[in-house]
Amino acid sequence: VVKAGVFIKDMNDFAAINEVYNEYLGDVKPARACVEVARLPKDVKVEIEVIAVK
1 VVKAGVFIKD
11 MNDFAAINEV
21 YNEYLGDVKP
31 ARACVEVARL
41 PKDVKVEIEV
51 IAVK
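Residue numbers for the sequence shown, in this note's numbering: 1 to 54.
Here it is in C-alpha coordinates:
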(Lines of atoms letter the chains of each structure in order from A and count residues from 1; the text may use other names and numbers.)
(Lines give C-alpha, C1' and ligand atoms only; values in the text may rest on other atoms or scores of the structure.)
Protein backbone atom coordinates (compact mmCIF):
# COMPACT_ATOMS: atom_id res chain seq x y z
CA VAL A 1 0.00 0.00 0.00
CA VAL A 2 1.51 3.31 -1.09
CA LYS A 3 -1.39 5.72 -0.49
CA ALA A 4 -4.60 5.73 1.53
CA GLY A 5 -7.56 8.07 1.53
CA VAL A 6 -9.71 8.00 4.66
CA PHE A 7 -13.18 9.55 4.57
CA ILE A 8 -15.01 9.85 7.90
CA LYS A 9 -18.42 11.24 8.84
CA ASP A 10 -17.30 12.70 12.17
CA MET A 11 -13.77 13.94 12.89
CA ASN A 12 -14.43 13.18 16.57
CA ASP A 13 -14.05 9.49 15.59
CA PHE A 14 -10.53 10.08 14.22
CA ALA A 15 -8.64 8.68 17.23
CA ALA A 16 -10.62 5.42 17.26
CA ILE A 17 -10.36 5.03 13.49
CA ASN A 18 -6.63 5.77 13.64
CA GLU A 19 -6.10 2.98 16.20
CA VAL A 20 -7.70 0.39 13.91
CA TYR A 21 -5.94 1.84 10.85
CA ASN A 22 -2.58 1.45 12.60
CA GLU A 23 -3.33 -2.17 13.49
CA TYR A 24 -3.50 -2.97 9.77
CA LEU A 25 -1.24 -0.38 8.12
CA GLY A 26 0.91 0.96 10.96
CA ASP A 27 4.09 -0.82 9.82
CA VAL A 28 3.63 0.22 6.19
CA LYS A 29 3.21 4.00 6.74
CA PRO A 30 1.70 4.90 3.34
CA ALA A 31 0.97 8.48 2.35
CA ARG A 32 -2.46 9.31 3.76
CA ALA A 33 -5.17 11.92 3.59
CA CYS A 34 -8.07 12.02 6.04
CA VAL A 35 -11.12 14.20 5.48
CA GLU A 36 -14.49 14.64 7.13
CA VAL A 37 -17.41 14.28 4.73
CA ALA A 38 -21.11 15.03 5.12
CA ARG A 39 -22.31 11.63 3.97
CA LEU A 40 -20.99 8.28 2.77
CA PRO A 41 -22.71 5.56 0.73
CA LYS A 42 -25.00 3.28 2.74
CA ASP A 43 -24.56 5.66 5.72
CA VAL A 44 -21.30 4.01 6.81
CA LYS A 45 -19.09 5.91 9.27
CA VAL A 46 -15.78 5.44 7.44
CA GLU A 47 -14.52 4.64 3.95
CA ILE A 48 -10.89 3.84 3.20
CA GLU A 49 -9.51 3.86 -0.34
CA VAL A 50 -6.01 2.50 -0.97
CA ILE A 51 -3.56 2.34 -3.84
CA ALA A 52 -1.21 -0.62 -3.79
CA VAL A 53 1.62 -1.74 -6.03
CA LYS A 54 3.12 -5.14 -6.49
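We treat Cβ as the ideally placed atom computed from N, Cα and C, and that holds for glycine.
Assigned secondary structure, residue i (DSSP; H/G/I helix, E/B strand, else coil)
{"i": "A16", "result": "helix"}
{"i": "K42", "result": "helix"}
Residue i versus residue j - alpha carbon distance
{"i": "E36", "j": "V53", "result": "26 Å"}
{"i": "I51", "j": "C34", "result": "15 Å"}
{"i": "F14", "j": "G26", "result": "15 Å"}
{"i": "Y24", "j": "I17", "result": "11 Å"}
Residue j beta carbon less than 7 Å from that of residue i
{"i": "K42", "j": "K9", "result": "no"}
{"i": "E49", "j": "L40", "result": "no"}
{"i": "V1", "j": "P30", "result": "yes"}
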